[in-house]
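Each number in the working numbering corresponds to the 1-based position in the sequence shown with 30 added.
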Amino acid sequence: MEEQDLLAVTIGKNLTRLRKMANLTQLELAEKLNYSDKSVSKWEQGNGIPDVRILIQLADLYGVSLDDLVREQQQVKVMPKNAKRRQRLITVLLSSGLCWLVAVIVFVGIGIFAPDFTYGWVTFLYAVPATAIVVLVFSCIWHYKWVRIISISVLVWSLLACIYITFLKWNIWLIFLIGVPLQILALFFFVWRKKAHFRD
Numbered sequence: 031m032e033e034q035d036l037l038a039v040t041i042g043k044n045l046t047r048l049r050k051m052a053n054l055t056q057l058e059l060a061e062k063l064n065y066s067d068k069s070v071s072k073w074e075q076g077n078g079i080p081d082v083r084i085l086i087q088l089a090d091l092y093g094v095s096l097d098d099l100v101r102e103q104q105q106v107k108v109m110p111k112n113a114k115r116r117q118r119l120i121t122v123l124l125s126s127g128l129c130w131l132v133a134v135i136v137f138v139g140i141g142i143f144a145p146d147f148t149y150g151w152v153t154f155l156y157a158v159p160a161t162a163i164v165v166l167v168f169s170c171i172w173h174y175k176w177v178r179i180i181s182i183s184v185l186v187w188s189l190l191a192c193i194y195i196t197f198l199k200w201n202i203w204l205i206f207l208i209g210v211p212l213q214i215l216a217l218f219f220f221v222w223r224k225k226a227h228f229r230d
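Written as structure tokens, this is what we have:
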């Protein structure tokens, strides 16, 4: 068997395995790619190789690299995109839950050791920017642009609200004006960065 034929068979096996892991039929995959199911069947049987543009589209669809499509897989299990998203969501929820657990522990501690302190509920308010920081960190790691923008906005405004409520007796409502340029800068940064990325 020629090298080209071996490559076609390897790609076919990988495409079949990844499609099944993603719970897609050949027809459903074909619709996503704007191709016929006969083409998908041909690729999976090793009777042809999709062009590079389609291979890139398939790699993006399955959340794998091109290397995972063209190399023979030996006991390597690639996580489907849906399972990866679910795992990431669970990670964020558990990490955020820790922020709220700490807030509950502090609130209970204040209730037990300082029952006269009437602002114990503020601990829950501080859990909001802490949660925003956790979400921001994960969204930066996983490159979720819109989640990043939202978490920065929540972080800015909730932190200002925390400062305002903490120092309520000083009537420092003007502190919220700081949030306006910070919000504009954050949005500008992400829009500019996106445009700079496309220019490169």
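Even for Gly, the Cβ is constructed at its ideal location relative to N, Cα and C.
Next on the checklist: Quick check on the DSSP output: the alpha helix (DSSP H) that includes residue 66 runs from which residue to which?
Outcome noted: Position 36 of the sequence shown, counting from 1, holds the residue named residue 66. Element bounds for residue 66: n/a, residue is neither H nor E.
Next on the checklist: Residues in the same chain with beta-carbon distance under 6 Å from residue 56, minus the five sequence neighbours each way, listed in chain order, please.
Outcome noted: By one-based count along the sequence shown, residue 56 stands at place 26. Here the set comprises 67, 70 and 71.
Next on the checklist: Spatial neighbours of residue 147 within its chain, please: C-beta separation below 7 Å, excluding the five flanking residues on both sides.
Outcome noted: Indexing the sequence shown from 1 puts residue 147 at position 117. Contacts found: 140.
Item to check | Enclosing alpha helix (DSSP H) for residue 87 [first to last residue] | outcome: For this step, residue 87 is matched to residue 57 along the sequence shown. Residues 82-92.
Next on the checklist: Quick check on DSSP: helix, strand or coil for residue 206?
Outcome noted: Mapped onto the sequence shown, residue 206 falls at position 176. For residue 206, the three-state secondary structure derived from DSSP is helix.
Next on the checklist: Rounded to the nearest angstrom, what separates residue 53 and residue 118 at their Cα positions?
Outcome noted: Translated into positions along the sequence shown, residue 53 becomes position 23. Translated into positions along the sequence shown, residue 118 becomes position 88. Using only the alpha carbons, I get a separation of about 20 Å.
Item to check | Option nearest residue 272 by Cα separation, candidates 74, 211, 175 and 174 | outcome: There is no way to answer for residue 272, as the model of the chain reaches only from 31 to 230.
Checklist entry - Taking Cβ to Cβ, would you say residue 115 is nearer than 9 Å to residue 40? => result As a position in the sequence shown, residue 115 is number 85, starting the count at 1. As a position in the sequence shown, residue 40 is number 10, starting the count at 1. No. Outside cutoff.
Item to check | Close beta carbons around residue 157, own chain, < 6 Å, minus the five adjacent residues each side | outcome: Here residue 157 refers to the residue found at position 127 of the sequence shown. The residues are 129, 130 and 133.
Checklist entry - Just reading off the alpha helix (DSSP H) that residue 166 is part of, what are its end residues? => result By 1-based counting over the sequence shown, the position of residue 166 is 136. Unbroken alpha helix (DSSP H) run through residue 166: 152-172.
Item to check | Inter-residue CB distance, residue 164 and residue 125 (contact presumed, cutoff 8 Å) | outcome: One-based indexing of the sequence shown puts residue 164 at position 134. One-based indexing of the sequence shown puts residue 125 at position 95. Confirmed, about 5 Å.
Checklist entry - Cα separation between residue 232 and residue 174? => result Since the displayed the chain opens at 31 and closes at 230, residue 232 lies outside it and no answer follows.
Next on the checklist: Can you look up residue 32 in the DSSP assignment and give me helix, strand or coil?
Outcome noted: Walking along the sequence shown from the start, residue 32 turns up at place 2. Coil at residue 32, not helix or strand.
Item to check | Selection from 178, 154 and 85 that minimises the alpha carbon distance to residue 169 | outcome: If you number the sequence shown from 1, residue 169 lands on position 139. The shortest Cα separation from residue 169 among 178, 154 and 85 belongs to 178.
Checklist entry - Do residue 206 and residue 176 have their C-beta atoms within less than 9 Å of each other? => result Position 176 of the sequence shown, counted from the first residue, corresponds to residue 206. Position 146 of the sequence shown, counted from the first residue, corresponds to residue 176. No, they are not a contact pair.
Item to check | Opening and closing residue of the alpha helix (DSSP H) in which residue 191 lies | outcome: Sequence index remark: in the sequence shown, residue 191 carries index 161 (1-based). That run of the alpha helix (DSSP H) goes 175-196.
Item to check | Cut-off 6 Å between Cβ atoms - residues of its own chain near residue 105, not counting five sequence neighbours on either side | outcome: On the sequence shown, residue 105 is found 75 positions in, with the first residue counted as 1. Caution applies to residue 105, whose pLDDT of 44 falls short of 50 and renders its modelled position unreliable; the value that the coordinates give is listed next. Correct list: empty, nothing qualifies.
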